[in-house]
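Last residue of the first sequence? That's 641 in the working numbering, and every number before it is there in order.
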Amino acid sequence: MLDIKFIRENADLIKAGAKKKHLEVDINQLLAVDEKRRGLLSEVEGMRAKQNTVSDEVVKASPDEKARLIGEMKTLKETLSTKEKELAEVDHQWQLLMVQVPNLPDLSVPEGASDADNVEVRVWGDKPAIANPKSHVELMQNLGMADFERGTKVSGFRGYILKGDGALLNYAVWNFVQDHFVKKGGFTPMLVPSLVKRVAFLGTGYLPQGEEDLYKTQDGDFLAGTGEVATMAYYMNETLDKKDLPMKMLSFSPCFRREAGSHGKDTKGLMRVHEFFKFEQVVLCEASHEETVRLHEELTQNAEGLLQALNLPYHVVVNCGGDLGLGQVKKYDIEAWVPSEGKYRETHSSSYFHDFQTRRLNIRYRDENGAMQYAHSLNNTALATPRILISIIENNQNEEGSITVPEALRSYMGKDKIQKNS
RNA sequence: GGAGGGGUGGCAGAGUGGUCUAAUGCACUUGUCUUGAAAACAAGAGUGGGGCAACCCACCGUGAGUUCGAAUCUCACCCCCUCCGCCA
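So, in structure tokens, the structure goes:
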């Protein structure tokens, strides 16, 4: 959500921003409805003022006068009631249009329609020289680390089951991430719910537009595709203390995605599953673009630090306008190297929103002048499993089919190498 | 799932149809007094919206209703507390 005053005064800017994001939105219609809404609002408020004044007079009036005034108010009440209904309708339209207005992309965001137009900003690591790299599916099945057939039998399409060293490797990654952030400090570890109320999805910008990618319960709640939803809603309708900012949280949660728009993509293995687990970095900071940019780079660096510690080759891309969400101002994707595909695949997504989410969620703080300000919000993946296992396994595969455990994970895994019957 | 009680300003807590623009206390801000502080006394102070000045409107869990008028009456829902049942 943007400030309506800002929209009124910068309509052309908003239109250009929407175009850059390749989103359709009718700002002119919004402005027309807004005009109408304001007109009705002052009419209604004028009548209410009259009603309040006369209401005071009724108490002191003589019996005759009282009867006259009450009669007068009965008439006013009918007119007011009509106008109020009209206002409610216009207000509803206004709300619907307001939640469709996208946040402005940053000037540094490249032009483009889809992820194909994202621009590489840096590359890290040496890609391993493997003659005929096996896929993680083949490697894991051979080593008894995963069962995809039974995963589908039990859970349906995109189902999977990690077992044996596959399960252990997954635990090792979780413990490694947790320890990494505890040692770094500054982040509050949190275990947050995945079953979350509608209002939290509206607040973070996943609804109303993204409903087809969410699982919904018969009680009207939804399963979150990221811990960001619950973590942001944690502070919904609260006024924060400025001295506590920035607030950094590391949230762990199961994540659920219907993948409604990607039926034919990545149908094998762990790349695109309906149910996974994610450590997410979520930050609330003061309303300053400079502070946001500083923290955005920091969150990105944190994620890169994990990949470097795991010695996984990756690159960072800056997402183009068409690949940005409604509320995102700028986003970096980090993509790790997948030898069997011969390309980088997305493992992290690091974005900032300015006050787009906090305005919807009503998360504010009082600045040094005593004025209320909407905080700024950011988030980035810390690490998501099982997707990251793909790169860990494939980049560390040996010719005979065993897997060398990355040094950083050995103490958690309890072994240096995953091989048959190990 | 069943029975009962309750949601009021930063906190505590009055208020059961019309000066409620919500008492009172605590906490807070400013001033007086004081070398300074405390105490005492006095004054002030919420959030959002419209005009952007005076001013006006809304907000007593949420939404709808009754009424000329609702914190107050009615209905639905949400949340909290106590007890029972069930359960990890």
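All C-beta atoms, glycine included, are put in the ideal place defined by N, C-alpha and C.
Bear in mind that the values here come from a model prediction, so they are computed numbers and not experimental data.
Neighbourhood of methionine 409 by C-beta distance below 6 angstroms, restricted to the same chain and skipping five residues each side: Excluding residues within five positions, the ones whose Cβ falls inside 6 angstroms are Met468, Ser470.
8 angstroms contact criterion, which leucine 545 and serine 570 should meet: CB distance rounded: In fact, because the Cβ distance is near 11 angstroms, the residues do not count as touching under 8 angstroms.
Whether proline 412 touches leucine 421 by CB criterion (8 angstroms): Not a contact, by the Cβ cut-off of 8 angstroms.
Inside the region 551-612 only - alpha helix (DSSP H) runs reaching at least 4 residues: 575-580, all fully within the region 551-612.
Residue span of the beta strand (DSSP E) that contains phenylalanine 496, given as start and end: Phenylalanine 496 -> beta strand (DSSP E) spans 494-504.
Serine 300 versus arginine 257 - alpha carbon distance: Here the alpha carbon of serine 300 sits roughly 17 angstroms from the alpha carbon of arginine 257.
Identity of the residues DSSP links to leucine 410 by a beta bridge: In the DSSP output, where bridge partners are listed per residue, leucine 410 has Phe471.
First and last residue of the uninterrupted alpha helix (DSSP H) at valine 373: First-last of the alpha helix (DSSP H) with valine 373: 367-374.
Sub-8 angstroms separation of proline 465 and valine 502 beta-carbons: Yes, these two residues count as a Cβ contact at 8 angstroms.
Outcome for aspartate 231 when other beta-carbon atoms lying within 10 angstroms are tallied against a minimum of 16: Exposed.
Aspartate 586 versus glutamate 510 - alpha carbon distance: The alpha-carbon of aspartate 586 is positioned some 15 angstroms away from that of glutamate 510.
Beta-carbon proximity list for methionine 266, same chain, < 8 angstroms, skipping 5 on both sides: Only Leu295, Thr298, Leu299, Lys302 meet the Cβ criterion.
Span of the beta strand (DSSP E), counted from its first residue to its last, around glutamate 339: Where glutamate 339 is concerned, the enclosing beta strand (DSSP E) stretches over 338-343.
8 angstroms Cβ cutoff met for cysteine 474 and phenylalanine 495: Closer than 8 angstroms, so yes.
Given isoleucine 582 as reference, the closest of Gly540, Glu457, Ser507 once Cα atoms are compared: That would be Glu457, whose Cα lies nearest to the Cα of isoleucine 582.
At least three beta-carbon pairs within less than 8 angstroms, the region 338-351 to the region 552-561: Yes: the two stretches touch, three or more of their Cβ pairs being nearer than 8 angstroms.
Opening and closing residue of the beta strand (DSSP E) in which histidine 534 lies: From DSSP, the beta strand (DSSP E) with histidine 534 extends over 533-537.
Short Cβ contact (8 angstroms threshold) for isoleucine 553 with alanine 603: With respect to alanine 603, isoleucine 553 sits apart: the two C-beta atoms are not nearer than 8 angstroms.
Neighbour-count burial assignment, aspartate 542, 16 or more Cβ in a 10 Å radius: Aspartate 542 should be labelled buried.
Three-state secondary structure assigned by DSSP to leucine 489: Three-state DSSP puts leucine 489 in coil, outside helix and strand.
Closest by C-alpha distance to valine 535, when choosing among Leu362, Glu619, Thr623, Val340: Selected option, being the one with the closest Cα: Val340.
Cα-Cα separation, leucine 628 to valine 392: Roughly 7 angstroms separates the two Cα atoms.
For tyrosine 434: DSSP bridge partner residues: According to the DSSP secondary-structure assignment, tyrosine 434 is paired through a beta bridge with Leu442.
Closest by C-alpha distance to lysine 484, when choosing among Gln319, Phe376, Ala443, Lys234: Closest option to lysine 484, Cα to Cα, is Phe376.
Straight-line Cα distance separating glycine 405 from serine 354: Using only the alpha carbons, I get a separation of about 37 angstroms.
Given glycine 331 as reference, the closest of Leu242, Phe395, Ala419 once Cα atoms are compared: Among Leu242, Phe395, Ala419, the Cα nearest to that of glycine 331 is on Leu242.
In DSSP terms, what glutamate 291 is bridged to: DSSP, once it has assigned bridges, lists no residue as partnering glutamate 291.
Candidates Gly488, Lys435, Lys639, Val318, of which the one nearest arginine 476 by Cα: Nearest to arginine 476 by alpha-carbon distance, out of Gly488, Lys435, Lys639, Val318, is Lys435.
Alpha-carbon to alpha-carbon, glutamate 516 and valine 318: For valine 318 and glutamate 516, the distance between alpha carbons rounds to 28 angstroms.
Distance between beta carbons of lysine 461 and aspartate 440, contact taken as under 8 angstroms: Not quite, the Cβ-Cβ distance comes to about 33 angstroms (not below 8 angstroms), so this is no contact.
Asparagine 599 beta carbon less than 8 angstroms from that of glutamine 527: It is not a contact, given that the beta carbons lie outside the stated cut-off.
Top-ranked residue by Cα proximity to valine 342, from Ala268, Glu478, Tyr631, Val537: That would be Val537, whose Cα lies nearest to the Cα of valine 342.
Contact under 8 angstroms by Cβ, arginine 513 with threonine 566: No. Outside cutoff.
Supposed contact pair valine 328 and glutamate 221 - C-beta distance, whole angstroms, cut 8 angstroms: For clarity, residue 221 is leucine in the given sequence; the question names glutamate instead. About 17 angstroms; that fails the 8 angstroms criterion.
Boundaries of the beta strand (DSSP E) in which leucine 459 is found, first to last residue: Counting along the chain, the beta strand (DSSP E) containing leucine 459 begins and ends at 457-459.
Nearest-angstrom Cα separation, counted from threonine 423 out to valine 448: The alpha-carbon of valine 448 is positioned some 6 angstroms away from that of threonine 423.
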